[in-house]
Amino acid sequence: MNENTREKTIVRASVIGIVTNVLLAAFKAIIGFASHSIAIVMDAVNNISDAGSSLITIIGTKLAGREPDKKHPFGYGRIEYLSAMIISVIVLYAGVTSLIESVKKIIHPDTPDYSAVSLVIVAVAVVVKIVLGQYVKRVGKKVNSSSLINSGEDATLDSVISASTLLAAGIFLIFHISLEAWLGAIISLVIIKSGFEMLRETISQILGERNDPELARSIKETVVSFPDVQGAYDLVLNNYGPEAWNGSVHIEVPDTYSADQLDQLIRNIQMKVYAEYQVILTAIGVYSVNTRDEEIIEAKKRVSQIVFSHPHVLQMHGFYMDKEKKTMRFDIVISFDATDRKSEYQGIFDDVQKAYPDYQLQLAMDTDFSEE
């Protein structure tokens, strides 16, 4: 999906959300004040906050779609994460304010006065919010918009809130017990919890999360599909918005490759990865692999056995031995599950050095940014 189509899809879904929530808020406010129902009034306030969230989604999407410039050469895509964070704060604020009002009503209760019309409208609102929530959430996942997904989650939560209001009304009409204020307090706590979860998720995205394992796996498979590429390692993906990825990777190639062959190979990899995943590989590093000396090939096997005898080693790559200069270099990836990664690294270094005491060992500890 291209950027223009994605933006139009997000704006259309948000406009539908705004119109729906404003209408629902108006009906609920009228019913709530007429029936002295604090739960319905709080529900109406929540609908207004939802409409505001949809408006922020539109503004955030428009701003995020700006072209890269000198000051922000990677574009403005991360603004979408900021708009999602603002929506989370709005939801949180709505929950806190409604909790305060509910507590006031618990201390100074009002007797609700329901009518058949008001209950029918609230019931219709439940159905509308279920449909709206599923629609917005589905579109959000389709276009990878955190703001829309958050709005859809909030709308689905609203349907539960409205259904709870109906339940309280039914209890009052049958048993003449008013649970309005208490229900309002419970609803408020649910809203606050939802707001915290949304905020935590968006902050995590802004801070930078690990590579998507499935995307990383697919990119590596594409890279090693090229002839003579014997491995793809150290893939790093930097996210600059929901649809904006830059990255780098290391590849293993035979030590017989010339500079012009290597240049053409790297360009071909970059073009194919972008065409298939819209990921820009800004850098492709190279590991040279010994292919002409059987003794070195056997040495690699022996070193590999030593390295993988340590339980938390995930990868060994970039192995190269120079018999004349007496140097040996390779990289290892140690899992985050290891209690002490530095100690594990030192143990591997010592074991390999013991096996090859005459060689200068250059051992680097890498990180697998897509480790599950």
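For this note's numbering, add 97 to where a residue sits in the sequence shown, where the first one is 1. By construction, the Cβ of each residue, glycine as well, lies at the ideal position given by its N, Cα and C atoms. Since we're looking at a predicted model, the values are computed, not measured.
With contacts defined as CB atoms closer than 9 Å, ALA161 and GLY344 fail to qualify as a contacting pair. In the structure shown, VAL350 falls within a strand segment according to DSSP collapsed to helix, strand and coil. The C-beta distance from MET295 to ASN247 rounds to 5 Å, short enough to meet the 8 Å contact threshold. By the 16-neighbour rule on beta-carbons within 10 angstroms, ILE183 is buried. Closest in C-alpha terms to VAL217, from the list PHE416, SER285, ALA260 and HIS409, comes ALA260. In the structure shown, ALA122 falls within a helical segment according to DSSP collapsed to helix, strand and coil. Listed as beta-bridge partners of ILE377 by DSSP are ASN343.
Taking C-beta atoms under 8 Å as the contact rule, ILE445 and HIS414 fail to qualify, at a distance of about 14 Å. In this structure, the CA atom of LEU229 is about 29 Å from the CA atom of ASP309. Using a Cβ distance threshold of 9 Å, VAL376 and LEU334 count as a contacting pair. Going by C-alpha positions, LEU263 is about 10 Å away from VAL257. Taking a contact as a CB-CB distance under 8 Å, the pair PHE416 and ILE366 does not count as one, their CB atoms being some 21 Å apart. Of the residues assessed, ALA181 falls on the buried side of the cut-off, its CB having 16 or more other CB atoms within 10 angstroms. In terms of Cβ geometry, ILE288 and ALA213 do not form a close pair [threshold 9 Å].
For THR424, the enclosing beta strand (DSSP E) covers residues 424 to 431. Residue pairing for GLY382: DSSP places it in a beta bridge opposite HIS347. Residue range 457 to 463 is occupied by the beta strand (DSSP E) that includes ASP463. Membership of ALA266 in the alpha helix (DSSP H) is indicated by the continuous run 243 to 272. Here the C-alpha atom of ILE431 lies approximately 7 Å from the C-alpha atom of ASP463. GLY129 carries a helical assignment under DSSP once its states are collapsed to helix, strand and coil. For LEU359, the CB contacts under 8 Å within the same chain, skipping 5 residues up- and downstream, are VAL350 and VAL383 in chain order. Where LEU286 is concerned, the enclosing alpha helix (DSSP H) starts and stops at 277 to 304.
Under the DSSP definition of a beta bridge, ASP419 partners with THR424.
Counting along the chain, the unbroken alpha helix (DSSP H) around TYR190 starts and ends at 176 to 204.
Taking the C-beta atoms as reference points, VAL240 is found no nearer than 9 Å to LYS125. Between SER111 and ILE145, the CB-CB gap reaches or exceeds 9 Å. Beyond the five residues adjoining it in sequence on each side, GLY149 comes within less than 7 Å, by CB distance, of ILE187 in the same chain, given in chain order. Note that the C-beta distance between VAL400 and TYR453 is below 9 Å. For ASP390, the secondary structure class from DSSP, reduced to helix, strand or coil, is coil.
Short of 7 Å from the beta carbon of ALA380, and not among the five residues preceding or following it, lie these beta carbons of its own chain, in chain order: SER345. The residue from LEU120, TYR232, THR106 and ALA265 with its alpha-carbon nearest to that of GLU250 is TYR232. Counting other Cβ atoms within 10 Å of its Cβ, ASP140 reaches 16 or more and is therefore classed as buried. Note on geometry: alpha-carbon atoms of GLU318 and GLN361 lie some 19 Å from one another. Here GLN412 carries a strand assignment [DSSP, helix/strand/coil].
Between the alpha carbons of ALA329 and SER315 lies a distance of about 11 Å.
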